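Convert by adding 426 to the 1-based position in the sequence shown; the result is the number in the numbering used here.
Each residue gets a CB set at the ideal place from its N, CA and C atoms; glycine is no exception.
Only a predicted model underlies this, so the values are computations on that prediction, with no experimental measurement involved.
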Amino acid sequence: MPEQATQRYETPVKITDVFLGFEGHGIFTMTLTVDFGGSQAMIGGYNLQGDTGFAAAFIRGVLQATGSNDITQIKGKTVLLISRNDRHSASVGALGIKQMPFDGGSEFLFDEAAARYR
């Protein structure tokens with residue numbers, strides 16, 4: 427039986443904060459806080475520990491999809507949030523992020539990158 431395609435929603439969001447470091451349980455991670463124009467959600471949050479190359483690929487993917495040359499340029503960027511649903515809340519079901527079409531449209535899908543390194 428063919429695999430059913432995941433429904434995708436693209437919603438413009440502003441990245442209001444970036445975290446790259448060790449979260450409360452000591453796990454090395456990167457999260458982006460995105461604003462939908464009144465409500466916020468944190469996306470990303472993947473475990474970046476280990477020697478698989480996933481950490482570098484994840485950070486590089488976020489930089490490219492935000493059109494940034496370094497991590498300090500990410501905050502304040504407007505991107506398209508690619509999600510499984512159209513909820514504007516913490517349960518957004520984030521699949522990834524994508525540059526705005528007028529910025530080049532580079533896309534980064536979180537699970538796709540994770541699957542390549544696991």
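Classification of residue i by the beta-carbon crowding that lies within 10 angstroms, buried from 16 upward
| i | result |
| --- | --- |
| F534 | buried |
| A541 | exposed |
| A491 | buried |
| G464 | exposed |
| G502 | exposed |
Spatial neighbours of residue i in its chain, beta-carbon cut-off 7 Å, leaving aside the 5 residues before and after
| i | result |
| --- | --- |
| R434 | I508 and L521 |
| D461 | V439, K440 and T442 |
Cβ shell of residue i (< 8 Å), same chain only, five flanking positions each side left out
| i | result |
| --- | --- |
| P438 | T504, V505, L506, L507 and M526 |
| I497 | V444, L446, I485 and L489 |
Bounding residues of the alpha helix (DSSP H) (the contiguous stretch that carries residue i)
| i | result |
| --- | --- |
| Q490 | F480 to T492 |
| F536 | F536 to Y543 |
Where the beta strand (DSSP E) containing residue i begins and where it ends
| i | result |
| --- | --- |
| D443 | Y435 to F448 |
| D461 | F454 to D461 |
Straight-line Cα distance separating residue j from residue i
| i | j | result |
| --- | --- | --- |
| Y472 | T455 | 6 Å |
| G479 | G470 | 16 Å |
| S532 | G476 | 26 Å |
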